[in-house]
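Protein chains in written order, with my numbering: chain A, 47 to 265; chain B, 47 to 265; chain C, 47 to 265; chain D, 47 to 265. Ideal placement from N, C-alpha and C gives every residue a C-beta, glycine not left out. Below you'll find the structure, written out as structure tokens, and then a few comments.
4 protein chains.
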Amino acid sequence: MSEYLLIFLGDCILGENMTGREKRIFDAAVEVFSKKGYDAATTKDIAEAAGVAEGTIFRYYKTKKGILHSILIKFSDFLFIDMALKPIEEIFANSKEKELKQVLHDIIMDRIAMVDKVYPVVSVLLSEILFKEDVRDALLQKLVPRITHSFEDFYNVLIKRGLVRSDLPASRVFRSVFANILVFVAQNKLSRVKYTREEFESDFESLFDIILNGIAVKE
Amino acid sequence: MSEYLLIFLGDCILGENMTGREKRIFDAAVEVFSKKGYDAATTKDIAEAAGVAEGTIFRYYKTKKGILHSILIKFSDFLFIDMALKPIEEIFANSKEKELKQVLHDIIMDRIAMVDKVYPVVSVLLSEILFKEDVRDALLQKLVPRITHSFEDFYNVLIKRGLVRSDLPASRVFRSVFANILVFVAQNKLSRVKYTREEFESDFESLFDIILNGIAVKE
Amino acid sequence: MSEYLLIFLGDCILGENMTGREKRIFDAAVEVFSKKGYDAATTKDIAEAAGVAEGTIFRYYKTKKGILHSILIKFSDFLFIDMALKPIEEIFANSKEKELKQVLHDIIMDRIAMVDKVYPVVSVLLSEILFKEDVRDALLQKLVPRITHSFEDFYNVLIKRGLVRSDLPASRVFRSVFANILVFVAQNKLSRVKYTREEFESDFESLFDIILNGIAVKE
Amino acid sequence: MSEYLLIFLGDCILGENMTGREKRIFDAAVEVFSKKGYDAATTKDIAEAAGVAEGTIFRYYKTKKGILHSILIKFSDFLFIDMALKPIEEIFANSKEKELKQVLHDIIMDRIAMVDKVYPVVSVLLSEILFKEDVRDALLQKLVPRITHSFEDFYNVLIKRGLVRSDLPASRVFRSVFANILVFVAQNKLSRVKYTREEFESDFESLFDIILNGIAVKE
DNA sequence: TATGAATGAGAATTCATTCAT
DNA sequence: GATGAATGAATTCTCATTCAT
Numbered sequence: 047m048s049e050y051l052l053i054f055l056g057d058c059i060l061g062e063n064m065t066g067r068e069k070r071i072f073d074a075a076v077e078v079f080s081k082k083g084y085d086a087a088t089t090k091d092i093a094e095a096a097g098v099a100e101g102t103i104f105r106y107y108k109t110k111k112g113i114l115h116s117i118l119i120k121f122s123d124f125l126f127i128d129m130a131l132k133p134i135e136e137i138f139a140n141s142k143e144k145e146l147k148q149v150l151h152d153i154i155m156d157r158i159a160m161v162d163k164v165y166p167v168v169s170v171l172l173s174e175i176l177f178k179e180d181v182r183d184a185l186l187q188k189l190v191p192r193i194t195h196s197f198e199d200f201y202n203v204l205i206k207r208g209l210v211r212s213d214l215p216a217s218r219v220f221r222s223v224f225a226n227i228l229v230f231v232a233q234n235k236l237s238r239v240k241y242t243r244e245e246f247e248s249d250f251e252s253l254f255d256i257i258l259n260g261i262a263v264k265e
Numbered sequence: 047m048s049e050y051l052l053i054f055l056g057d058c059i060l061g062e063n064m065t066g067r068e069k070r071i072f073d074a075a076v077e078v079f080s081k082k083g084y085d086a087a088t089t090k091d092i093a094e095a096a097g098v099a100e101g102t103i104f105r106y107y108k109t110k111k112g113i114l115h116s117i118l119i120k121f122s123d124f125l126f127i128d129m130a131l132k133p134i135e136e137i138f139a140n141s142k143e144k145e146l147k148q149v150l151h152d153i154i155m156d157r158i159a160m161v162d163k164v165y166p167v168v169s170v171l172l173s174e175i176l177f178k179e180d181v182r183d184a185l186l187q188k189l190v191p192r193i194t195h196s197f198e199d200f201y202n203v204l205i206k207r208g209l210v211r212s213d214l215p216a217s218r219v220f221r222s223v224f225a226n227i228l229v230f231v232a233q234n235k236l237s238r239v240k241y242t243r244e245e246f247e248s249d250f251e252s253l254f255d256i257i258l259n260g261i262a263v264k265e
Numbered sequence: 047m048s049e050y051l052l053i054f055l056g057d058c059i060l061g062e063n064m065t066g067r068e069k070r071i072f073d074a075a076v077e078v079f080s081k082k083g084y085d086a087a088t089t090k091d092i093a094e095a096a097g098v099a100e101g102t103i104f105r106y107y108k109t110k111k112g113i114l115h116s117i118l119i120k121f122s123d124f125l126f127i128d129m130a131l132k133p134i135e136e137i138f139a140n141s142k143e144k145e146l147k148q149v150l151h152d153i154i155m156d157r158i159a160m161v162d163k164v165y166p167v168v169s170v171l172l173s174e175i176l177f178k179e180d181v182r183d184a185l186l187q188k189l190v191p192r193i194t195h196s197f198e199d200f201y202n203v204l205i206k207r208g209l210v211r212s213d214l215p216a217s218r219v220f221r222s223v224f225a226n227i228l229v230f231v232a233q234n235k236l237s238r239v240k241y242t243r244e245e246f247e248s249d250f251e252s253l254f255d256i257i258l259n260g261i262a263v264k265e
Numbered sequence: 047m048s049e050y051l052l053i054f055l056g057d058c059i060l061g062e063n064m065t066g067r068e069k070r071i072f073d074a075a076v077e078v079f080s081k082k083g084y085d086a087a088t089t090k091d092i093a094e095a096a097g098v099a100e101g102t103i104f105r106y107y108k109t110k111k112g113i114l115h116s117i118l119i120k121f122s123d124f125l126f127i128d129m130a131l132k133p134i135e136e137i138f139a140n141s142k143e144k145e146l147k148q149v150l151h152d153i154i155m156d157r158i159a160m161v162d163k164v165y166p167v168v169s170v171l172l173s174e175i176l177f178k179e180d181v182r183d184a185l186l187q188k189l190v191p192r193i194t195h196s197f198e199d200f201y202n203v204l205i206k207r208g209l210v211r212s213d214l215p216a217s218r219v220f221r222s223v224f225a226n227i228l229v230f231v232a233q234n235k236l237s238r239v240k241y242t243r244e245e246f247e248s249d250f251e252s253l254f255d256i257i258l259n260g261i262a263v264k265e
């Protein structure tokens, strides 16, 4: 995990209400969980990454599972506020005269960058969603509707501005856009092949194009 | 995991070359891994699910990791042959006079049904890809190019038939289609809300529509 | 273990009262125990070496320990009769006109050859003696006095013939001769360096010399 | 293993660089290995003998085999320094005017006492040498040449002082002396018959006599 | 009788959690 | 508060032994 991410997570997610040690443990846990997965990560790993004694962890978190819960809760709040609300506000603020394509480009570039940074937690979240029913319920039933709902607000604005189709349910559009971004990011993360700037932009172009225009021949 | 899936896996994936007990262990491993994830699953869990003694597992698989490898190998073969090759052959065989929309509908319905059944293994595969570099390399570098390549052949046929745009790289189209199906299936699997037949069909319609036509307003 | 040894053990130790399968298991156990030691040897190893099924072993021997006991019992009889009694009889028969040095040479050469062949069982026996009190008691208290006693008879003959000192207790001479042979053989067995014929003979010469004349300067 | 031995091992072999618990585990391992042999000894046995939890063992030693290696390494150093080097130094320091016999007597008495105490490790070492090629190679190829070489230095001094024969290769003399001591000690350890002080001294006398003068009649 | 699949008790090892310092 | 040694329950894996075929 990059230095930058640690700082970023530290500032944006944990922010105000953590002491130095607690923050270091939290950040270390995010790092180790994202590298090894929750089960394979040991509290010793976390302690070493945090530069504290193993026992110290349990002063701040009752159990190992507690660390995970703390991460997931903090992150789901962050995901909602920073990933869904703020961009919409930005759209309202900045997109008055811009083309839809440009707006989407700016936003998605920004989101991609953010999602990329946030990948460590996303990976943990994903694997927990895959196997742990309680986490799945807690997150999916809470998070998805809220984000979807926010997206709907945003999408309705786009409709009103005549930039996107009004005959599609926003929730389904959200799913498709989300899917495209998810797999795009995953490919970037997981593949060993690294893009040049040009390839990256070209790939983005195709992504936007497909999302906006679909793959069918236009009459 | 549904009864049906077990039978399905038994018939389609493992089929001929497994004795009763080996099959039971394999199926139980698929079930337990898919419920708990590889790390959280214990060989005791698997033995209990298979109705055999714990030691019996190790007559058939050298190590716990060996069970996973066996599943992944068997599954990746199956994924390639049954999920990628066969549908393309069917397309060539059956789609001569059909509309593209109908063809996609048939295929995706079929694929969705299959992916749905195959979810237990996909979940394990996914979580392994998230955290284990060796599995990631083994599968991504082997599987993705082969499936992508097969899709390209198929996509080129569609281009020749004038049904899809020829100005998009097939690999990027594949990613987008794959992403849409993936998240669509994931939603069906992970969400507790169950669709009626009509809602399901309507959702499909939107999916096709978005894939084919995009979300932008058509001039 | 050499082919020869197997035949040798087969003919001399097991001989009459074993069926083909029992003999094969016994011989295989000797081989495997001598290679790995009793504890590290598995019944599967033995079964494979014997070319029988694992279960078959337990038709002939109640337990794994039973195989060891059988080997030790059979071997201790053999050791007593073939290693201690027969050579002494030969000495009486053949050494009438020979020099002591020649007699010792012949005997020790022969004994060395035999001990060498018999090493597989000796190694097992040794390690059992080291750690298992019951085996230790059974063997040492039974075997050592009998062999020592036989040696005493032999040694007294040598004394009467005026070839060896009469002022040394035979039991202590036996211990010293036995010690020299034991370590000599062990070195041959365990060291990776292999002698040429000349080196071997020269080494023997020194051994005889030391046993007979000691290391002190003679006045 | 006697209390005395534990203390002795603690002070002389392990001595300075072990914490209380590590020492207890090490000593317990020596005790248990020497009683049962490496393979038959369980980590549970060792933990119980040491009065610690089983898991604690693995804080100090990575694996069970690691305990053995640690013992063997510490012991082989000890064997080299305390059993080979120090006696030679003592000879140089104290034997100026003494008879060879007296010198040997003093030293061997002292060495015997030490070897006797050290028997627990020797037994483990012996059984490992019997069956484990890696241990055999590590020890025989490393230890034997070093000790032999030291003995040669010592023996050459004896030759210069005109006390022993100069026509015998030191390595063969060493083997013979070593053999006599080894079996002498083994007999003391393994036999249930215990000597009185007089019998012990008398036995020593014979041992010295045989080593020095051999068993042949002197002309 | 011979087999070898199945067993399950027990082995080494790991690791979250506790607690004396 | 912070530490890290100690714990012991839990885990993976082994293997002597049994038993249906």
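For residue 175 of chain D, which residues from the same chain have a beta carbon less than 8 Å from its beta carbon, with the 5 sequence-adjacent residues on both sides left out?
181, 182, 185 and 186
Does the separation of the CB atoms of residue 107 of chain C and residue 173 of chain C fall below 8 Å?
no
Step through the CB atoms of chain C and report whether any lies within less than 8 Å of the CB of residue 211 of chain D.
yes
Mapping the DSSP letters down to three states, classify residue 210 of chain A as helix, strand or coil.
Strand at residue 210 of chain A.
Using a Cβ cut-off of 8 Å (strictly closer), state whether residue 172 of chain D contacts chain C.
yes
Taking the Cβ atom as the reference point for each residue, do residue 113 of chain C and residue 75 of chain C lie within a distance shorter than 8 Å?
yes
Test item: CB-CB of residue 226 of chain C and residue 257 of chain C under 8 Å
yes
Can you pull the chain C neighbours of residue 233 of chain D, defined as C-beta to C-beta under 8 Å?
221
With a threshold of 8 Å, are at least 3 pairs of Cβ atoms found where one atom belongs to the stretch 192–207 of chain A and the other to the stretch 238–250 of chain B?
no
Name the chain C residues that come within less than 7 Å of residue 85 of chain D, Cβ to Cβ?
83, 85 and 86
Using C-beta distances below 8 Å, list every residue in its chain close to residue 264 of chain D, excluding the 5 sequence neighbours before and after it, in chain order.
none
Under a CB-based cut-off of 8 Å, is residue 215 of chain A close to chain B?
Yes, contact with chain B.
Beta-carbon of residue 118 of chain B versus every beta-carbon of chain A: anything under 8 Å?
no
For residue 262 of chain C, the residue or residues it bridges with in DSSP:
D:210
Step through the CB atoms of chain A and report whether any lies within less than 8 Å of the CB of residue 181 of chain B.
no
Can you tell me whether DSSP reads residue 67 of chain D as helix, strand or coil?
Residue 67 of chain D: helix per DSSP, three-state reduction.
Just checking: is the beta-carbon of residue 262 of chain D within a distance shorter than 8 Å of some beta-carbon in chain C?
yes
From the beta carbon of residue 208 of chain C, is the nearest beta carbon of chain D less than 8 Å away?
yes
Spatial neighbours of residue 95 of chain D within its chain, please: CB distance less than 6 Å, with the 5 preceding and 5 following residues excluded, ordered by chain position.
74, 77 and 78
Terminal residues of the alpha helix (DSSP H) in which residue 84 of chain B lies:
Careful: residue 84 of chain B lies outside any alpha helix (DSSP H) and carries neither H nor E.
What residues from chain D crowd round residue 114 of chain C, counting only those whose CB sits closer than 9 Å?
The premise fails here: residue 114 of chain C is roughly 12 Å from chain D at the closest Cβ pair, so nothing lies under 9 Å.
Alpha carbon of residue 221 of chain A to alpha carbon of residue 207 of chain A, nearest angstrom:
21 Å
Along the stretch 90–111 of chain A, where does the CB come closer than 9 Å to a CB of chain B? Name the residues.
Residues: none.
Are residue 229 of chain B and residue 224 of chain A touching if we call contact CB-CB under 8 Å?
yes
Interface residues of chain C around residue 249 of chain D at Cβ under 7 Å?
Simply 218.
Going along chain B, which residues have a C-beta under 7 Å from residue 203 of chain A?
The premise fails here: residue 203 of chain A is roughly 14 Å from chain B at the closest Cβ pair, so nothing lies under 7 Å.
Among the residues of its own chain, which have a CB less than 7 Å from the CB of residue 103 of chain B, if the five just before and after it don't count?
71, 89, 92 and 93
Below 8 Å between beta carbons: does that hold for residue 210 of chain C and residue 87 of chain D?
No. Outside cutoff.
When burial is assigned at 16 or more other CB atoms within 10 Å of the CB, is residue 277 of chain C buried or exposed?
Residue 277 of chain C is absent from the structure shown; chain C starts at 47 and stops at 265.
Of the residues C:100, C:260 and C:109, the one placed nearest residue 219 of chain C, counting alpha carbons only:
C:260
Pull up the distance between the alpha-carbon of residue 111 of chain C and that of residue 105 of chain A, whole angstroms please.
53 Å
Give a yes or no on whether 8 Å exceeds the smallest Cβ distance from residue 189 of chain A to chain B.
no
Coil, strand or helix - residue 97 of chain B by DSSP:
In this structure, residue 97 of chain B counts as coil in the three-state DSSP scheme.
Same chain, Cβ closer than 7 Å to residue 97 of chain D, five either side skipped, listed in chain order
70
Between residue 252 of chain B and chain A, is the shortest Cβ-Cβ distance under 8 Å, so that the two count as touching?
yes
What separation, rounded to the nearest whole angstrom, lies between the Cα atoms of residue 217 of chain A and residue 156 of chain B?
24 Å
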